[in-house]
Each structure stands twice: as structure tokens, then as C-alpha cells.
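Notes follow once the structure below has been shown.
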Amino acid sequence: MTKYAPLAVLFFISPSFSEAAHKDWSEKEQQLFKTHLILQAIDTTQTWRMIECQKYTACDLIEKNPLLGSHPSKGDLLALKIIGNYILYKLLDISPYRERSLKFLNGVGVVVVINNGLYYEKRF
Numbered sequence: 001m002t003k004y005a006p007l008a009v010l011f012f013i014s015p016s017f018s019e020a021a022h023k024d025w026s027e028k029e030q031q032l033f034k035t036h037l038i039l040q041a042i043d044t045t046q047t048w049r050m051i052e053c054q055k056y057t058a059c060d061l062i063e064k065n066p067l068l069g070s071h072p073s074k075g076d077l078l079a080l081k082i083i084g085n086y087i088l089y090k091l092l093d094i095s096p097y098r099e100r101s102l103k104f105l106n107g108v109g110v111v112v113v114i115n116n117g118l119y120y121e122k123r124f
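So in the working numbering, spot 105 of the sequence shown is number 105, and the numbers just go up one at a time.
So this is what it looks like as C-alpha cells:
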């Protein structure tokens, strides 16, 4: 079950994002935001697995996110993702450049996920 905990957390908090003006966003913006949340869930899962690797084996993987430090806890990871995505949602909700911002965020998210995977696979 702990393997899917990050996905479960993001799944259960996602309805709280839609209570505001999310329904007023265009269909394209809503889809871009869902893509953003999926990329965040993948990144969270990858980091979660790295934390377990650090905890239970002698792996040499370290976290590169300066807000989390090199050896973050699962609680810090989830707190950062939940609070960060909530703030991001609120900022996007008032942005006149929402679609452009979401495209940029998704581009960065894809790079992060690919980069995480490359480093994770390099260990093996």
C-alpha cells in the first residue's frame, strides 16, 4: 500500500482544487491542470521510492530539490506537494495567462519526471 500512498494523497486532495473557479476554466485549461497533477503524482512517486531506497538500502541517490534537502522525509515531501500545488492552483486561478502558464508547468514537469527516471535507472 505504501507504494501507492503518494498517488492516493494527490487523488483525494484533487477535488479540493475544483471547489473554486476550476469549473470556470476552459476545457483545455482543465485538461492541462489534470496533466499537471498527473506529472506531480509521478514525481511524488519517484521521490517516494528514492526516500525508501535511502532508508532501506545503501543507495547513493539524493534529492536535488533545495526545499527538501538531500534526504527528505515522506511527510516533508507530501507537505511540499500539497501546499505547493494548492498555492499554484490559486495563482493560476487569478492569472490572465493560465493556459500558457500550465503549458510551461507541464513542460517543466515532463523534464523533471524524465530526469528523475534517468537518475533512478542509472543506479541499477
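All C-beta atoms, glycine included, are put in the ideal place defined by N, C-alpha and C.
query: Alpha carbon to alpha carbon, how far is Phe124 from Ile42?
result: Translated into the one-based positions of the sequence shown, residue 124 becomes position 124. Translated into the one-based positions of the sequence shown, residue 42 becomes position 42. Because Phe124 sits at a pLDDT of 47, beneath the cut-off of 50, its placement in the model cannot be relied upon, and the point is left open.
field: Buried versus exposed call for Thr47 [16 or more other C-beta atoms within 10 Å across all chains shown]
entry: On the sequence shown, position 47 is the one that residue 47 refers to. Thr47 is buried by the Cβ-count criterion.
query: Candidates Glu99, Asn116 and Leu105: which alpha carbon is nearest Asp36's?
result: Counting from one through the sequence shown, the residue named residue 36 turns up at place 36. Looking at the sequence itself, residue 36 is His, so the reference to Asp does not match. Selected option, being the one with the closest Cα: Leu105.
message: Could you compute how far the alpha carbon of Lys74 sits from the alpha carbon of Gln31?
response: Here residue 74 corresponds to residue number 74 of the sequence shown, with the count starting at 1. Here residue 31 corresponds to residue number 31 of the sequence shown, with the count starting at 1. Taking the straight line from one Cα to the other gives about 28 Å.
message: Please state whether the Cβ-Cβ distance between Leu102 and Leu91 is less than 8 Å.
response: Locating residue 102 in the sequence shown gives position 102, where the first residue counts as 1. Locating residue 91 in the sequence shown gives position 91, where the first residue counts as 1. Against a cut-off of 8 Å, the Cβ pair of Leu91 and Leu102 comes out as no contact.
field: Straight-line gap, Leu78 to Thr44 (C-alpha atoms, nearest Å)
entry: By one-based count along the sequence shown, residue 78 stands at place 78. By one-based count along the sequence shown, residue 44 stands at place 44. C-alpha separation (whole angstroms): 8 Å.
- prompt: Does DSSP put Cys53 in a helix, a strand or coil?
  reply: Translated into positions along the sequence shown, residue 53 becomes position 53. Reduced to three states, the DSSP call for Cys53 is helix.
- prompt: Whose C-alpha, out of Ile51, Lys34, Pro96 and Glu27, is nearest the C-alpha of Asn116?
  reply: In the sequence shown, counting from the first residue as 1, residue 116 sits at position 116. Measuring from the Cα of Asn116, the nearest candidate turns out to be Ile51.
message: Just to check my reading of the structure: Leu68 and Asp76 have Cβ atoms closer than 8 Å, yes? What is that Cβ distance to the nearest angstrom?
response: As a working note, residue 68 is residue 68 in the sequence shown. As a working note, residue 76 is residue 76 in the sequence shown. So it is a contact: roughly 6 Å between Cβ atoms.
task: Just the C-alpha distance for Ile114 and Leu39, rounded to the nearest angstrom, thanks.
output: One-based indexing of the sequence shown puts residue 114 at position 114. One-based indexing of the sequence shown puts residue 39 at position 39. Computed Cα separation, rounded: 10 Å.
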